[in-house]
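Which chain is which? The protein sequence lines are A and B, in order. Its first residue numbered 0, the first sequence is counted upward by one per residue in numbering that gives the first Met the number 0. Its first residue numbered 0, the second sequence is counted upward by one per residue in numbering that gives the first Met the number 0. All C-beta atoms, glycine included, are put in the ideal place defined by N, C-alpha and C. A short write-up of the structure that comes next.
2 protein chains.
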Amino acid sequence: MAAATAAGGKAKQAQRAKAVSAEGLTAIFSPASVAVVGASNRPDSVGRAVFKNILASDYSGIIYPVNPKAKSICGVRAYPTMGNIPDQVDLAVLIVPAAQTPAVAREAAAKGVKALIVISAGFRETGPAGAAIEQELVAVCLEHGMRLVGPNCLGIINTDPLTGLNASFARQKAKPGNIAFISQSGALCTAVLDFAAKKNIGFSKFISVGNKADIGELALIRYLHDDPQTKVIMLYVEELRHGAEFIEVVREITGGENPTPILAIKAGRTAEGAAAVSSHTGSLAGSEAVYNALFEQSGVFRAQSIEELFDYAVAFANQPLPRSNRMAIITNAGGPGIIATDVTIHSGLKLAALGEATTEVLRSHLPASANIHNPVDVIGDARSDRYQAALEAVLHDENVDGVIFILTPQSMTEIEETAAIIPELARKSGKPVVASFMGLMDVSKGIEVLEQHRIPHYHFPEAAARAMSALYQYSCWLHRQHLEEIALPVDRTAAAKVIRRALKNGSQYLGEVEGNEILAAYGFSVLPSRLAVSADEAAAAVAEFGPCAMKIVSPQIVHKSDVGGVRVGVATPAEAQRAYAEIIAAARRHLPEAEVHGVFVQRMAARGVEVILGIKRYPAFGPLLMFGLGGIFVEIFKDVSFRLAPIRHNGARHMVRSIKAYPMLDGARGAAVADQEELERCLLRLSRLATDHPEIAELDINPLMVHEQGKGCSVADCRILLRPSDGPAE
Amino acid sequence: MAAATAAGGKAKQAQRAKAVSAEGLTAIFSPASVAVVGASNRPDSVGRAVFKNILASDYSGIIYPVNPKAKSICGVRAYPTMGNIPDQVDLAVLIVPAAQTPAVAREAAAKGVKALIVISAGFRETGPAGAAIEQELVAVCLEHGMRLVGPNCLGIINTDPLTGLNASFARQKAKPGNIAFISQSGALCTAVLDFAAKKNIGFSKFISVGNKADIGELALIRYLHDDPQTKVIMLYVEELRHGAEFIEVVREITGGENPTPILAIKAGRTAEGAAAVSSHTGSLAGSEAVYNALFEQSGVFRAQSIEELFDYAVAFANQPLPRSNRMAIITNAGGPGIIATDVTIHSGLKLAALGEATTEVLRSHLPASANIHNPVDVIGDARSDRYQAALEAVLHDENVDGVIFILTPQSMTEIEETAAIIPELARKSGKPVVASFMGLMDVSKGIEVLEQHRIPHYHFPEAAARAMSALYQYSCWLHRQHLEEIALPVDRTAAAKVIRRALKNGSQYLGEVEGNEILAAYGFSVLPSRLAVSADEAAAAVAEFGPCAMKIVSPQIVHKSDVGGVRVGVATPAEAQRAYAEIIAAARRHLPEAEVHGVFVQRMAARGVEVILGIKRYPAFGPLLMFGLGGIFVEIFKDVSFRLAPIRHNGARHMVRSIKAYPMLDGARGAAVADQEELERCLLRLSRLATDHPEIAELDINPLMVHEQGKGCSVADCRILLRPSDGPAE
């Protein structure tokens with residue numbers, strides 16, 4: 000219930016943020032007037048480049064250059080300060096030294112400016128002095144309700160003909176289109192604009208976010224989701240700062256009503272710090288795991304390279320999604336058809352089994368040597384009519400969800416005419432069609448036709464098949480099933496008490512004793528256990544519980560087995576007495592200075608599959624949950640799944656089923672099917688625990704024994720690392 | 000020893016083949032005169048396209064068009080038949096209907112022609128009738144010692160200025176260069192030539208092999224290896240036909256003296272037939288495993304897409320190999336530097352730790368805000384001098400094995416000048432340098448400079464880093480260590496006797512009884528065992544061996560556990576008697592008609608790691624060997640390694656160490672280190688067994704128990720599938 004309330008509170012907060020955001024962002028993308036502070040006549044200066052770009056962009060509003068020394072900039076009357084501008088100013092673009100920006104921002108506020116784009120560098124990226132200026136700048140903006148893009152950015156471009164604003168110093172213009180691009184790297188923006196121009200790819204909006212002092216990806220994604228010009232959003236991200244909110248907002252945008260697909264490149268994958276970690280979860284988690292979970296949970300498709308990003312974006316921007324994964328391939332050459340088949344199947348798509356009616360139609364239109372089964376080979380001497388018959392036939396087939404259309408230029412090939420038959424047939428069918436007109440020069444006339452009619456095309460069939468697969472994966476995200484949520488009663492107060500007590504005592508590591516208390520409060524099934532402080536007490540416990548495991552309890556002893564501090568399968572009271580003495584003696588021998596609290600005696604767990612459940616908390620993202628099979632599976636195969644908390648029932652199921660070793664929980668090799676429902680519940684409890692108690696920095700339940708179906712799961716061992724809470728829950 | 004002799008014989012055979020091959024291939028690539036049979040004046044005809052291509056290619060020899068009806072072709076005097084040509088003819092290019100080709104080939108032979116290129120289609124690819132014509136054509140060529148390219152191909156191109164022959168009907172010309180391309184798909188040739196022309200990539204030779212009736216990849220690779228114009232060979236392969244020979248020849252070419260790197264795309268990966276398989280090895284192996292093993296063992300680098308193939312080929316053709324994997328990255332922008340760092344590390348390279356002298360030099364040349372550590376960031380306002388200082392410094396550093404050079408066009412960037420500093424510095428250093436001048440249009444002047452001086456360049460840094468990784472991987476192949484070979488005495492005759500006997504009796508599946516005999520003959524340690532035909536015999540065996548496993552022996556019962564036909568841990572003679580009776584009774588109950596030979600009683604294996612060793616034989620490739628950990632590792636994780644037999648000591652070690660679960664054999668989680676040396680020997684024995692006995696179609700040793708170091712391995716179970724030999728060993 001607590002989580003539901005928290006989520007509710009956040010939703011409201013998000014809505015408020017959205018309202019403010021939208022207004023400020025309108026001033027950025029569609030201002031009625033722009034002041035360019037630092038506009039300059041100096042050749043090669045950024046101030047001149049920005050001003051000239053705005054002038055050249057068919058901007059529908061009014062531009063005011065601001066420069067204390069110049070009468071005019073590029074022939075436009077200049078003003079010494081913003082205060083001198085006779086009219087209202089919506090947006091100010093700043094190209095002045097960093098140190099002057101707070102003062103200029105104040106001036107802007109006084110003028111009633113709604114938003115700033117600060118292009119100047121010299122802020123946080125240069126060190127503490129710059130960071131202080133950035134902080135001051137943000138404070139001014141906050142105080143006066145101004146939104147801020149940058150600082151240290153290339154600027155923004157809006158190709159909407161109603162506005163037409165290029166407020167950037169990019170050398171290359173952006174063609175209008177329906178792809179939005181948000182980049183954390185200014186240098187990449189330049190290269191991307193250049194690449195896109197040559198590839199004839201257009202943009203709706205283009206934003207260099209720079210240091211993201213105010214406006215970051217999330218605000219922009221919200222805005223672009225509502226932007227009628229934007230059909231797909233591309234992100235280049237080095238770091239995100241608000242993980243939990245990102246998931247909550249973006250999953251609705253990518254997967255809710257009027258969904259907007261989002262594609263991302265995340266760089267900095269290997270920049271992992273070598274921070275010491277104390278748990279399995281800690282050592283397996285890392286920023287890669289966090290971002291993969293983040294993107295997966297928010298429905299963002301992660302591309303592996305910039306070229307892939309474009310390949311996919313063009314498909315998303317121009318084609319409908321396939322309803323399922325049964326693809327038809329049409330080709331006029333065997334080799335490329337084989338290549339496309341390979342990649343199609345490799346990327347999780349299927350070759351459609353064509354209906355009998357289809358093959359009959361194909362047989363009637365194609366020569367005897369053609370392949371009328373999928374991949375359909377219309378043969379090297381095919382002219383456009385044969386391609387047309389084949390495309391029409393497969394698109395009519397209800398067993399076909401999309402078409403990969405391949406053309407290799409051969410002597411009889413009618414390149415342009417063949418290109419021309421695709422768009423209308425594709426449009427009428429409502430199914431996605433992607434093309435590979437192979438080569439570059441020979442087929443250029445055909446490619447012009449494809450581009451004009453928005454049929455995505457690729458040099459080679461591999462990229463075409465991969466793009467189709469991306470469309471299909473997004474279709475799966477949109478149509479995913481939602482499991483009924485499960486109500487799990489928890490005793491948050493009881494757990495909080497244990498944590499508070501431990502922190503008060505200065506304990507950072509909690510072992511089984513307190514760990515079990517906390518887990519039990521969250522509904523985990525813990526095994527009967529007792530802390531024995533004498534051999535007799537240990538014997539009594541074994542008499543009561545049956546066969547037990549016994550472990551030393553000492554804050555100084557973390558690796559208990561290493562010091563001979565563990566016994567398992569202690570079956571009788573007599574054995575327990577002996578074991579107690581030996582464990583205490585071993586501990587004293589290995590670590591004479593260790594403070595020994597006693598020996599933990601716990602009933603041996605019933606048989607089951609050993610799994611590991613874990614939590615690791617990340618500052619900007621909150622708790623990352625981990626699941627995997629224990630032992631070698633986690634240590635050698637690293638076969639684990641991650642999700643950021645909170646998760647829902649869907650997420651818990653996904654975590655369980657997405658490890659490779661999942662069949663071992665599902666009756667592989669004649670074993671009993673494990674209690675997966677209870678395991679899913681345990682993951683939901685873990686998620687609740689993680690979100691309820693921000694003091695839990697790391698947690699390992701290792702192993703959790705998953706018994707056979709209907710018999711539940713038991714915690715066999717656990718370890719928790721606490722850190723004093725120093726802020727709100729996330 | 001047998002294998003050594005076989006290998007020796009093959010080496011000689013290969014040498015002979017090489018001599019013939021070279022002569023015939025010279026006539027194909029550098030003929031003194033060419034007859035074009037079927038040359039035509041008809042517009043759009045292939046006969047005209049080929050003839051015009053030769054005419055236009057600055058061919059240094061003499062061309063004779065042959066056409067019974069025309070006086071001249073494109074102004075060149077024509078001859079009605081080859082017999083009418085007054086001079087010697089080296090090469091005949093045939094563009095006549097398939098059915099006429101055998102007759103024309105005979106005419107060519109009579110004229111003393113040394114080689115044919117048959118461009119015409121209508122052969123094997125069209126069905127049995129065409130196949131018969133193809134066979135006849137090949138027979139004529141064989142009889143008269145003529146070599147043959149095709150049929151059903153695009154032709155060949157030789158850009159060597161001494162010859163200058165474009166005997167193809169490609170629309171696009173090939174630029175001279177030092178990359179050779181061999182393609183099994185004609186359609187792909189066209190697209191590749193087109194793509195390369197636009198990307199300014201040149202070729203030494205370009206060969207469309209068509210149906211490969213005579214000349215295939217292997218002969219061409221041999222020829223190109225000796226071709227001074229060729230520095231790297233690219234293959235597009237759909238199927239290869241001589242696996243064992245391919246490995247033997249190509250490993251020398253890619254890894255011997257004056258090595259030639261070979262890059263391949265293999266298509267048809269998912270075209271796997273659903274043939275029934277009877278063993279684990281059979282179900283896990285497949286054409287993908289075969290080709291991966293084939294390429295790996297022969298040092299051929301497999302690319303994943305055509306664009307990757309080109310990306311790598313350009314690097315191999317123009318840059319030296321890095322001595323190790325320590326890379327420096329130079330960039331003028333953070334984002335692209337991060338991307339390059341990611342891919343660098345992800346592809347098995349390292350970021351070099353720059354020496355102190357280097358960072359000092361960098362500090363002296365670069366502004367304070369620059370990053371003087373790797374990745375070196377010269378900052379956005381860098382002109383060419385700063386780039387030059389940085390490149391010089393890192394190339395001088397002995398900790399740097401190669402450089403990835405990134406430029407993003409910014410306002411101060413001197414694109415052309417910066418490009419110009421790279422070639423000389425790179426050349427002097429002897430280290431590879433690859434560049435990414437990001438974008439397309441803005442940087443085109445710089446790219447011209449790079450291309451002119453043979454510095455490989457890529458639109459985005461990902462591809463640059465991947466190309467560098469390919470260079471490094473090839474460098475590893477060239478410098479790999481060779482383990483001393485191990486002499487393993489085997490009793491080939493004893494094993495052959497068991498196999499012959501079984502085949503004579505009509506047995507196809509061999510179980511433990513004969514399996515153990517065969518394995519023992521090859522030096523495998525098999526457990527003491529006996530076939531008991533009575534309860535008393537079973538009891539006696541247990542009395543003698545100690546605790547045993549007991550299994551039903553019946554040719555009709557393959558899945559013994561399923562019918563209650565297996566007992567393990569039978570400890571006493573009394574237990575053995577009981578178990579015998581129960582096993583027999585269970586078998587009779589489940590399969591009353593089964594012929595029961597008795598119960599196999601075998602000593603329980605000592606503890607160890609369970610691994611699986613397997614053989615599956617492929618027609619054109621010989622035996623594929625498999626290795627992996629048993630049980631779930633093979634069944635769920637499919638964590639296995641493959642090699643084609645024969646393997647050497649290196650190969651055996653590689654098989655053992657390349658599975659993911661290898662740490663489990665190497666003392667992971669505190670376990671004993673397993674006897675890996677004996678395991679390697681077992682794999683060598685397996686290889687010998689597979690090459691010595693072509694009747695073994697499939698074999699599983701599952702499990703082989705690998706005991707701890709020094710304690711050997713024992714065969715705990717095995718199964719062999721025989722097929723009557725119908726040809727030579729491979």
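* How would you list, in chain order, the residues of chain B whose beta-carbon sits under 7 Å from the beta-carbon of S368 (chain A)? -> T125
* Using beta-carbon positions only, say whether L217 (chain A) and V248 (chain A) come within less than 8 Å of one another. => yes
* Asked: Just reading off the beta strand (DSSP E) that D699 (chain A) is part of, what are its end residues?
  -> I695 to V705
* Does the beta carbon of M663 (chain A) sit closer than 8 Å to a beta carbon anywhere in chain B? -> yes
* To do: Indicate the three-state DSSP secondary structure (helix, strand or coil) for L526 (chain B) in the structure shown.
  => coil
* To do: Only counting runs of 4 or more residues, tell me where the alpha helix (DSSP H) segments fall wholly within the region 278–316 of chain A, in order along the chain.
  => 279–283 and 286–297
* Since S410 (chain B) meets chain A, which of its residues come closer than 9 Å, beta carbon to beta carbon? -> D43, S44, V45, A48, F168 and R170
* **Collapsed DSSP secondary structure at A671 (chain A) in the structure displayed** => coil
* To do: For the region 186–201 of chain B, enumerate the residues whose C-beta is nearer than 8 Å to any C-beta of chain A, in chain order.
  => Going along the region 186–201 of chain B in chain order, one finds A186, L187, T189, A190, V191, L192, D193, F194, A196, K197 and K198 with a Cβ nearer than 8 Å to chain A.
* Asked: Would you say P546 (chain B) and M625 (chain B) are within 8 Å of each other, going by their C-beta atoms?
  -> The answer is no: Cβ separation not under 8 Å.
* chain B contacts from the region 657–690 of chain A (Cβ-Cβ distance under 7 Å) -> K659, A660, P662, M663, A667 and R668
* Asked: In whole angstroms, what is the alpha-carbon distance linking Q387 (chain B) and P374 (chain B)?
  -> CA-to-CA, the gap between Q387 (chain B) and P374 (chain B) works out to about 15 Å.
* Would the beta-carbon of V148 (chain B) fall within 8 Å of that of V208 (chain B)? -> In this structure, V208 (chain B) lies closer than 8 Å to V148 (chain B) by Cβ.
* Asked: According to the neighbour-count rule (16 or more other Cβ atoms, all chains shown, within 10 Å of its Cβ), is P477 (chain B) buried or exposed?
  -> It should be pointed out that residue 477 (chain B) corresponds to Leu in this sequence rather than to Pro. L477 (chain B) is exposed by the Cβ-count criterion.
* **Interface residues of chain B facing D310 (chain A) [CB-CB closer than 8 Å]** => Within chain B, no residue comes near D310 (chain A); the closest Cβ sits about 11 Å away, beyond 8 Å.
* To do: Kindly give me the distance between the Cβ atoms of F772 (chain A) and F180 (chain A), rounded to whole angstroms, as I take these residues to be in contact under 8 Å.
  => Any answer about residue 772 (chain A) is impossible in this case: the structure gives chain A only from 0 up to 729.
* Along the chain, where does the beta strand (DSSP E) that runs through N649 (chain A) open and close? -> That residue, N649 (chain A), is in no beta strand (DSSP E); its alpha helix (DSSP H) goes H648 to R656.
* **Cβ-based burial, E359 (chain B) [other Cβ within 10 Å; buried from 16]** => Under the 10 Å beta carbon count, E359 (chain B) is surrounded by fewer than 16 other beta carbons and is classified as exposed.
* **Presumed contact (8 Å Cβ cut-off) between I246 (chain A) and I206 (chain A), rounded CB distance** => That pair is no contact at about 21 Å.
* Would a check of beta-carbon distances place Q149 (chain B) closer than 8 Å to chain A? -> The identity of residue 149 (chain B) in the sequence shown is Gly, whereas the question assumes Gln. Using a Cβ-Cβ cut-off of 8 Å, G149 (chain B) does not count as an interface residue toward chain A, since no Cβ of chain A sits closer than that to its own.
* If we count the other Cβ atoms within 10 Å of its Cβ and call it buried at 16 or more, is A273 (chain B) buried or exposed? -> Reliability of the predicted coordinates at A273 (chain B) is poor, the pLDDT of 33 falling under 50, and the value obtained from them is presented with this limitation in mind. Flag for A273 (chain B) reads exposed.
* **Alpha-carbon spacing of V608 (chain B) relative to K659 (chain B), whole angstroms** => So the alpha carbons of these two residues sit roughly 15 Å apart.
* Burial state of D665 (chain A), where buried means 16 or more other Cβ atoms lie within 10 Å -> Per the 10 Å Cβ criterion, exposed.
* Quick one: which chain B residues come within Cβ less than 9 Å of E634 (chain A)? -> Simply P662, A667 and R668.
* In angstroms, rounded to a whole number, what distance separates the CA positions of V714 (chain B) and S528 (chain B)? -> Between the C-alpha atoms of V714 (chain B) and S528 (chain B) there is a straight-line separation of about 11 Å.
* If you draw a straight line from the C-alpha of I328 (chain B) to the C-alpha of E306 (chain A), how long is it? -> 20 Å
* Asked: Listing by chain order, which chain E residues have their CB less than 9 Å from the CB of F300 (chain B)?
  -> No chain E is present in this structure, whose protein chains are A and B.
* Give me whichever residues DSSP pairs with R76 (chain B) in a beta bridge. => BP columns for R76 (chain B) point to B:S71.
* Could you have a look at E609 (chain A) and say whether DSSP puts it in helix, strand or coil? => strand
* V231 (chain A) bridges to which residues according to DSSP? -> A:I178
* **Interface residues of the region 425–459 of chain B facing chain A [CB-CB below 8 Å]** => Per Cβ criterion, the list reads M437, G438, L439, M440, D441, V442, H458 and F459.
* Asked: What's the C-alpha gap between L161 (chain B) and Y473 (chain A)?
  -> 55 Å
* For a contact meaning CB atoms closer than 9 Å, what does Y471 (chain B) contact in chain A? -> Correct list: empty, because the minimum Cβ distance to chain A is about 17 Å.
* Residue of A:R500, A:V393, A:F315 and A:P227 minimising C-alpha distance to M326 (chain A) -> A:V393
* **Neighbourhood of G711 (chain B) by C-beta distance below 7 Å, restricted to the same chain and skipping five residues each side** => S524, D674 and E677
* Asked: How is the beta strand (DSSP E) around M326 (chain A) delimited, first residue to last?
  -> R325 to T330
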